[in-house]
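In terms of the working numbering, the sequence shown is residues 28 to 480. Glycine residues also receive a C-beta, built at the ideal position from the N, C-alpha and C atoms. Note that the structure is predicted; figures quoted are calculated from it, not measured. Written below as structure tokens is the structure these notes are about.
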Amino acid sequence: MSAPRQMHLGAVPYGTGGPGSHTLWLDPEIPTDASVNVEWFVEMARLAERGRFDLIFVVDSQFITPFSPPHYLNRLEPLTLLSALAMRTERIGLVGTATTSFNSPFNLVRRLGSLDLISGGRAGWNVVTTGDAGTAGNYGLDEHFDYDTRYGRAQEFVGLARALWDSYEDDAFPRDRETGRFLDPDKQHVLDHDGTYFKVRGPLNLERSAQGHPVIFQAGDSDQGRDLGASVGEGIFTFAPDIPTGQAFYEDVKTRARDRFGRNPDHVVVMPGIKVVVGDTDEDAREIEAFNNDRDHTFDAALREFGRPFGWHDFTQYDLDAPFPAETLVHGERSFFTQAKAVTQRAQDNGWTLRQAVEATRGFRKSEFVGSPATVADKLVEWWEARACDGFNIGLDHPANFRRIVDDVVPLLQERGVFRAEYDSTHLRGHLGLPVPVNRHTAARAAGSASAR
Numbered sequence: 028m029s030a031p032r033q034m035h036l037g038a039v040p041y042g043t044g045g046p047g048s049h050t051l052w053l054d055p056e057i058p059t060d061a062s063v064n065v066e067w068f069v070e071m072a073r074l075a076e077r078g079r080f081d082l083i084f085v086v087d088s089q090f091i092t093p094f095s096p097p098h099y100l101n102r103l104e105p106l107t108l109l110s111a112l113a114m115r116t117e118r119i120g121l122v123g124t125a126t127t128s129f130n131s132p133f134n135l136v137r138r139l140g141s142l143d144l145i146s147g148g149r150a151g152w153n154v155v156t157t158g159d160a161g162t163a164g165n166y167g168l169d170e171h172f173d174y175d176t177r178y179g180r181a182q183e184f185v186g187l188a189r190a191l192w193d194s195y196e197d198d199a200f201p202r203d204r205e206t207g208r209f210l211d212p213d214k215q216h217v218l219d220h221d222g223t224y225f226k227v228r229g230p231l232n233l234e235r236s237a238q239g240h241p242v243i244f245q246a247g248d249s250d251q252g253r254d255l256g257a258s259v260g261e262g263i264f265t266f267a268p269d270i271p272t273g274q275a276f277y278e279d280v281k282t283r284a285r286d287r288f289g290r291n292p293d294h295v296v297v298m299p300g301i302k303v304v305v306g307d308t309d310e311d312a313r314e315i316e317a318f319n320n321d322r323d324h325t326f327d328a329a330l331r332e333f334g335r336p337f338g339w340h341d342f343t344q345y346d347l348d349a350p351f352p353a354e355t356l357v358h359g360e361r362s363f364f365t366q367a368k369a370v371t372q373r374a375q376d377n378g379w380t381l382r383q384a385v386e387a388t389r390g391f392r393k394s395e396f397v398g399s400p401a402t403v404a405d406k407l408v409e410w411w412e413a414r415a416c417d418g419f420n421i422g423l424d425h426p427a428n429f430r431r432i433v434d435d436v437v438p439l440l441q442e443r444g445v446f447r448a449e450y451d452s453t454h455l456r457g458h459l460g461l462p463v464p465v466n467r468h469t470a471a472r473a474a475g476s477a478s479a480r
């Protein structure tokens with residue numbers, strides 16, 4: 028009998044302020060160096076752990092301009108930060124972004140595996156192909172990989188990672204002092220991978236953790252991105268403005284997982300990112316939301332970050348009141364092209380000037396998850412019960428607001444029986460209801476023994 032379905036919660040700390048929140052660092056509760064202050068991250072991770080959150084998710088990118096938001100300008104590398112958090116937390120999952128476009132497989136797989144062992148099996152990897160095209164210049168390339176190459180590399184990279192994490196069978200190390208036998212060499216496996224994009228001999232010099240492999244997350248929304256998520260993703264980070272959009276994405280990615288890739292759709296956990304604001308009353312919360320929006324997302328800040336999906340193209344050089352410069356779409360072809368194309372199409376369809384297009388990005392979009400603790404809890408459950416998601420990634424912006432989520436909203440979810448009252452697993456797979464992957468070599472050995480009988 029399967030366990031009852033449970034809601035999953037992740038926390039996403041943005042330090043001094045990410046996209047759309049350039050002035051977050053003005054909050055007196057946030058250290059002005061929060062994005063490089065490990066003690067601040069420890070405090071936030073422990074707060075999320077107190078709320079029995081499944082995971083804390085550290086985002087990343089490796090290309091900046093003067094227009095980048097404060098958190099992007101000066102922040103810690105995710106796996107280094109998460110390794111520090113592993114030593115100061117006990118149960119919460121530790122998920123970080125790392126690109127398959129600008130990493131060596133053996134090196135990254137080893138670092139992720141190390142985090143998994145250090146944390147006792149709490150590591151997760153958000154697989155990205157890198158949308159910021161300027162990153163290529165930081166790795167000696169004149170231009171970024173095209174879409175097909177980016178996603179081809181990612182697909183091969185993840186398969187290679189899983190094979191490397193299985194380099195040792197689970198009982199490969201007898202560590203028997205009486206016999207002097209440390210390793211059973213028959214249970215160490217060379218990989219000899221020679222693929223389209225990578226060539227790696229192996230084996231990885233690292234045993235598996237309690238959860239077998241780090242959990243694989245993915246966040247692409249293009250057709251190729253959805254296929255990648257459906258084929259390898261165990262957690263899917265996404266965005267949905269409303270329940271129907273969330274339901275459509277949920278059904279699409281789970282159907283792809285089942286029909287195209289033969290996977291159990293229950294092993295694909297969909298978690299859209301949301302913004303939550305909690306107040307004493309619904310009216311109070313809406314006032315807080317409006318104040319934060321007015322302060323955090325000025326027109327100047329919106330114009331400066333408008334170019335990100337277009338490869339950080341500089342839109343400040345154009346006449347704001349002239350027709351939207353649709354020819355700039357070419358700059359997004361090797362960046363966040365799906366987003367750049369949608370922005371351009373919307374501007375053309377509406378006959379907007381550049382000013383109007385920018386204003387549209389900063390328009391006050393009321394979040395559905397704003398109100399009293401009871402209102403927020405009801406809305407979270409409504410989405411979850413409607414199968415618009417399996418849980419949520421909650422942006423951790425103002426610390427006082429996040430404390431209210433932990434102290435006032437989470438207990439209501441627990442009372443309704445949709446969210447854990449206590450952790451019942453020591454590793455991230457257990458939190459998410461995912462199986463521990465069987466070591467492929469152990470499985471092959473068992474299958475061989477069975478066929479020999």
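What residue does the beta strand (DSSP E) around residue i start on, and which one ends it?
| i | result |
| --- | --- |
| I270 | Counting along the chain, I270 falls outside any beta strand (DSSP E), though it belongs to the alpha helix (DSSP H) covering 270–286. |
| M34 | Run containing M34: none; DSSP gives neither H nor E here. |
| V86 | From DSSP, V86 is part of no beta strand (DSSP E); its letter is neither H nor E. |
| G167 | It is not in any beta strand (DSSP E) - G167 carries neither H nor E in the DSSP assignment. |
| V155 | 150–155 |
| L121 | 120–126 |
| V65 | That residue, V65, is in no beta strand (DSSP E); its alpha helix (DSSP H) goes 65–77. |
List the endpoints of the continuous alpha helix (DSSP H) containing residue i.
| i | result |
| --- | --- |
| I19 | No statement about residue 19 is possible, as the shown extent of the chain runs from 28 to 480 and does not include it. |
| G186 | 174–192 |
| A353 | Taken as a continuous stretch (DSSP letters only), A353 belongs to no alpha helix (DSSP H), as it is neither H nor E. |
| G457 | 455–459 |
| L255 | 250–259 |
| N428 | 426–431 |
| P400 | 400–412 |
| V242 | That residue, V242, is in no alpha helix (DSSP H); its beta strand (DSSP E) goes 242–245. |
| T380 | Looking at the DSSP string, T380 is not in any alpha helix (DSSP H), and its letter there is neither H nor E. |
| V217 | Premise fails: V217 is in no alpha helix (DSSP H) and is neither H nor E. |
Here's the rule I'm using: 16 or more other beta-carbon atoms within 10 Å means buried, otherwise exposed. How should residue i be labelled?
| i | result |
| --- | --- |
| A479 | Model confidence at A479 stands at a pLDDT of 49, short of 50, so the residue's coordinates are unreliable; what they give is reported in the following sentence. So A479 ends up on the exposed side. |
| R118 | buried |
| L423 | buried |
| N377 | exposed |
| F209 | exposed |
| K393 | exposed |
| M298 | buried |
| M71 | buried |
| N319 | buried |
| A474 | exposed |
| P31 | exposed |
| P212 | exposed |
| L135 | buried |
| S128 | buried |
| Y166 | exposed |
Output the distance between the C-alpha atoms of residue i and residue j, rounded to the nearest integer angstrom.
| i | j | result |
| --- | --- | --- |
| V305 | P438 | 14 Å |
| L191 | P241 | 12 Å |
| D286 | D293 | 13 Å |
| P97 | A199 | 47 Å |
| K368 | G260 | 25 Å |
| L381 | P350 | 6 Å |
| D321 | T162 | 31 Å |
| R290 | R283 | 9 Å |
| Y174 | R361 | 7 Å |
Taking residue i as the reference, which of the options has the closest Cα?
| i | options | result |
| --- | --- | --- |
| T50 | F326, S399, P350, E395 | F326 |
| R253 | T365, E170, E196, I315 | T365 |
| T43 | L53, G37, L36, V303 | L53 |
| Y178 | G273, T126, V397, T388 | T126 |
| V484 | T92, G140, F68, W379 | Absent from the structure is residue 484, since the part of the chain shown begins at 28 and ends at 480. |
| F396 | R313, L347, V433 | R313 |
| R73 | S62, T116, T92 | T116 |
| R389 | M34, P40, P46, A38 | P46 |
So, is the C-beta of residue i closer than 7 Å to a C-beta in chain B?
| i | result |
| --- | --- |
| N291 | Structure shown: chain B not included; a single protein chain is present. |
Would the segment 456–466 and the segment 102–112 be scored as touching if the rule is three or more Cβ pairs under 8 Å?
Fewer than three beta-carbon pairs drawn from the segment 456–466 and the segment 102–112 are found closer than 8 Å, and the two stretches are therefore not classed as touching.
Do the segment 62–78 and the segment 426–442 meet, that is, are 3 or more Cβ pairs less than 8 Å apart?
Yes, they touch.
Counting Cβ pairs closer than 8 Å, one from the segment 412–423 and one from the segment 335–350, do we hit at least three?
The segment 412–423 is not in contact with the segment 335–350.
Three or more beta-carbon pairs under 8 Å between the segment 345–365 and the segment 274–281, yes or no?
As far as the Cβ criterion goes, the segment 345–365 does not touch the segment 274–281, which means the pair count is below three.
For the segment 255–273 against the segment 227–238, are there 3 or more C-beta pairs whose distance is under 8 Å?
Touching, no.
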